[in-house]
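Numbering-wise (this note's numbering), the sequence shown opens with residue 1468 and increments by one. Don't be surprised by glycine CBs; every beta carbon is placed ideally from N, CA and C. Just so we're clear, the structure is a prediction, and the values are computed from it rather than from any experiment. Since the structure comes first, as structure tokens, the remarks are kept for the end.
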Amino acid sequence: MKLFKKKKQSAAVTEIASAQRSSGLGNTLPPAVEPFEKELYDRLRYAVPIIDAAIMKIIRLTGGFRVICSDPEHQQALDSFIENVPVGISGRSVSCFADNFLDSLLTYGSAVGEIASDSSESRIAGLWNGDVSRIRVTSGADPFTRRYMLRLADGSEKSVSHPERIVYASLTGGHSILRGLPALSSILLRIYECIGQNYDRAGNVRYAVTYRPPAGSGDMMYSRERAQLIAEQWADGMNSARCGQVKDFVAVGDVDIKVIGADNQLFDTNVPVRQLLEQIVAKLSIPPFLLGLSWSSTERMSSQQADILTSELEYYRRLLTPVICDIGNAFLASSGWDSVCSVEWSNINLQDESVLADSRLKNAQAREIELRLESYQDQNTK
């Protein structure tokens, strides 16, 4: 009876998958980034340096890897391919391809690449990081097969002739980690623009020269000529400073000179700027001290932030591992070898290695103390 129950459950799963496909629920993967979104995220990284710095930190902290072949006889050939395969027109090695792939994955929420083959020699000619805004992903003959549609310049689409050469990955939901940051970044840039305008005003001083002729005197009749003369002499005195000369301004009568805007104070922008940066840093999951933000934090808080970052990097590694394996397996298959490969990642940073070494040292010391205690107890028993 249990066997029959298992068969019924398996059939139910197939029916659900078929129902989803017939109703259109499983037809399309998360949509690739639109061209206007791609331009928006590119401009966002260009306008807000801390966002670009955070993404580059994540890429570098993801660390290196080694591709292991299931057959040790082919390991040397696989290592040579991993280190020397051309990537586009300027890069080389699968690590270079993985860095560009992860950059697109973080910025746009999805990434696509192509394994370019040389049909004349039946080998892999190189790797290419594609433009994710030109790719639309749908399901193929079954819900688990991908079909790639290439967007042409005239707005039409055509199916990719060799989908087996395409490698694709997307974040959870297919959304960029920068989603939600344009609104915050626009406020932050507005604050910076106002700060620049205030410093332009404070650094490039403007003066207000006021001449008040005495009441009841004959100067009232020539006040216009006097004001014009004062303006000319003041302008000549200010322009002489640019030529390295010093001229004094001498006036007779009630002349008042004030700096325009001297009574106004600059706004304290530390609080709003920090609030906006906290939101940005929280979205990027990067500890503030890695970005040069000297916010007060305890040693325990920094350790917890490092642990959170480690889990984030492990997530990105899980997304990259199938892509790297697909490239390695494609090389082995093109060489005519019936082998598969796996990815072995290095430790994320030296801090992890130091912690592991310290743990091994303490365990060894504890074991040595236990052995001495057991030896002492045996001697006393005898």
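Which same chain residues end up closer than 8 Å to residue i when comparing Cβ atoms and leaving out the 5 residues on each side of it in sequence?
i: Arg1519; result: Here residue 1519 is Asp; the residue named in the question, Arg, does not match the sequence. Same-chain partners within the cutoff: Arg1512 and Tyr1513.
i: Pro1789; result: Ala1636
i: Ala1694; result: Tyr1678
i: Glu1624; result: Arg1603, Met1616, Leu1617 and Arg1618
i: Ala1592; result: Pro1553, Ala1583, Ser1584 and Asp1585
Take residue i as the anchor and find which of the options has the nearest alpha-carbon.
i: Ala1749; options: Ile1775, Ala1608, Leu1840 and Gln1664; result: Ile1775
i: Thr1736; options: Ile1644, Ser1587 and Leu1656; result: Leu1656
i: Gly1531; options: Lys1829, Glu1504, Tyr1674 and Asn1814; result: Asn1814
i: Gly1597; options: Arg1590, Val1634, Glu1624 and Val1561; result: Val1634
i: Phe1734; options: Pro1681, Gly1795, Pro1755 and Glu1660; result: Glu1660
i: Ile1747; options: Tyr1674, Leu1573 and Pro1649; result: Pro1649
i: Arg1601; options: Lys1505, Ser1587, Pro1754 and Leu1760; result: Lys1505
i: Ser1589; options: Gly1803, Arg1834, Leu1757 and Leu1838; result: Gly1803
i: Ala1413; options: Leu1545, Glu1540, Ile1517 and Val1515; result: Beyond the ends of the chain as shown, which are 1468 and 1849, falls residue 1413; an answer cannot be given.
i: Ile1654; options: Asp1825, Leu1838, Arg1834 and Val1515; result: Val1515
i: Ser1537; options: Cys1808, Arg1834, Asp1845 and Gln1846; result: Cys1808
i: Leu1757; options: Asp1509, Arg1510 and Ala1521; result: Ala1521
i: Asp1509; options: Arg1834, Leu1645, Phe1564 and Gly1711; result: Leu1645
What are the start and end residues of the beta strand (DSSP E) that includes residue i?
i: Ala1636; result: Ile1633 to Ser1637
i: Cys1710; result: No beta strand (DSSP E) contains Cys1710, which DSSP labels as neither H nor E.
i: Ala1592; result: Arg1590 to Asn1596
i: Val1810; result: Cys1808 to Trp1812
i: Ser1577; result: Ser1577 to Asp1585
i: Ile1535; result: Phe1532 to Cys1536
i: Asp1721; result: Asp1721 to Val1726
i: Ser1626; result: Glu1624 to Ser1626
Tell me the rounded alpha-carbon separation between residue i and residue j.
i: Val1722; j: Arg1709; result: 24 Å
i: Gln1742; j: Met1523; result: 23 Å
i: Thr1777; j: Met1705; result: 60 Å
i: Val1627; j: Phe1568; result: 19 Å
i: Glu1581; j: Glu1745; result: 37 Å
i: Leu1840; j: Arg1827; result: 20 Å
i: Arg1691; j: Ile1662; result: 38 Å
i: Leu1619; j: Tyr1666; result: 48 Å
i: Glu1811; j: Leu1751; result: 26 Å
i: Ile1861; j: Leu1786; result: The chain is shown from 1468 up to 1849; residue 1861 falls before or after that span and cannot be answered.
i: Ser1643; j: Ile1836; result: 53 Å
i: Asp1621; j: Pro1502; result: 14 Å
i: Val1676; j: Ile1697; result: 8 Å
i: Gly1493; j: Leu1507; result: Reliability of the predicted coordinates at Gly1493 is poor, the pLDDT of 46 falling under 50, and the value obtained from them is presented with this limitation in mind. C-alpha separation (whole angstroms): 29 Å.
i: Thr1848; j: Gln1832; result: 24 Å
i: Val1604; j: Ser1652; result: 30 Å
i: Ala1608; j: Met1616; result: 14 Å
i: Thr1639; j: Tyr1575; result: 12 Å
i: Asp1805; j: Leu1799; result: 7 Å
i: Met1688; j: Ala1718; result: 18 Å
i: Val1713; j: Ser1707; result: 6 Å
i: Val1552; j: Arg1614; result: 26 Å
i: Ser1490; j: Thr1612; result: At Ser1490 the pLDDT is 41, less than 50, meaning the model places this residue with poor confidence; the figure from the coordinates comes in the next sentence. One C-alpha to the other measures close to 17 Å.
i: Arg1632; j: Gly1795; result: 12 Å
i: Ser1761; j: Ile1517; result: 14 Å
i: His1541; j: Ser1801; result: 13 Å
i: Val1672; j: Val1740; result: 27 Å
i: Gly1720; j: Pro1680; result: 7 Å
i: Ser1562; j: Arg1834; result: 41 Å
i: Ala1773; j: Gly1711; result: 56 Å
Grab me the residues of residue i's own chain with a C-beta within less than 7 Å of its C-beta, minus the 5 sequence neighbours each way, in chain order.
i: Ile1526; result: Asp1566, Leu1569 and Asp1570
i: Cys1595; result: This sequence places Trp at residue 1595; Cys is not what is there. If we look at Trp1595 and ignore the five residues flanking it on each side, its Cβ neighbours are Gly1555, Gly1580, Glu1581 and Ala1583.
i: Phe1716; result: Gln1700, Trp1701 and Gly1704
i: Glu1550; result: Ser1560
i: Ser1842; result: none
i: Ile1658; result: Thr1736, Pro1739 and Val1740
i: Tyr1630; result: One detail in the question is off: residue 1630 reads as Pro in this sequence, not Tyr. Arg1613, Arg1614 and Tyr1615, listed in sequence order.
i: Phe1909; result: No answer is possible for residue 1909: the residues shown for the chain start at 1468 and end at 1849.
State the start and end residues of the unbroken alpha helix (DSSP H) segment that holds residue i.
i: Ile1526; result: Pro1516 to Leu1528
i: Phe1611; result: Segment: none, Phe1611 is in no alpha helix (DSSP H) and carries neither H nor E.
i: Arg1741; result: Asn1737 to Leu1751
i: Ala1675; result: Unbroken run through Ala1675 is the beta strand (DSSP E), Tyr1674 to Arg1679; no alpha helix (DSSP H).
i: Ile1602; result: Premise fails: Ile1602 lies in the beta strand (DSSP E), Ile1602 to Ser1606, not in any alpha helix (DSSP H).
i: Ala1544; result: Gln1542 to Asn1551
Given residue i, which residues of its chain have a CB within under 6 Å of its CB, disregarding the five upstream and five downstream residues?
i: Thr1529; result: Leu1780 and Tyr1783
i: Ile1791; result: Val1810
i: Lys1725; result: Ala1675
i: Ser1577; result: Ala1499, Val1599, Ser1637 and Gly1641
i: Asn1830; result: none
i: Ala1755; result: The question names Ala, yet the displayed sequence has Pro at residue 1755. Val1748 and Trp1762, listed in sequence order.
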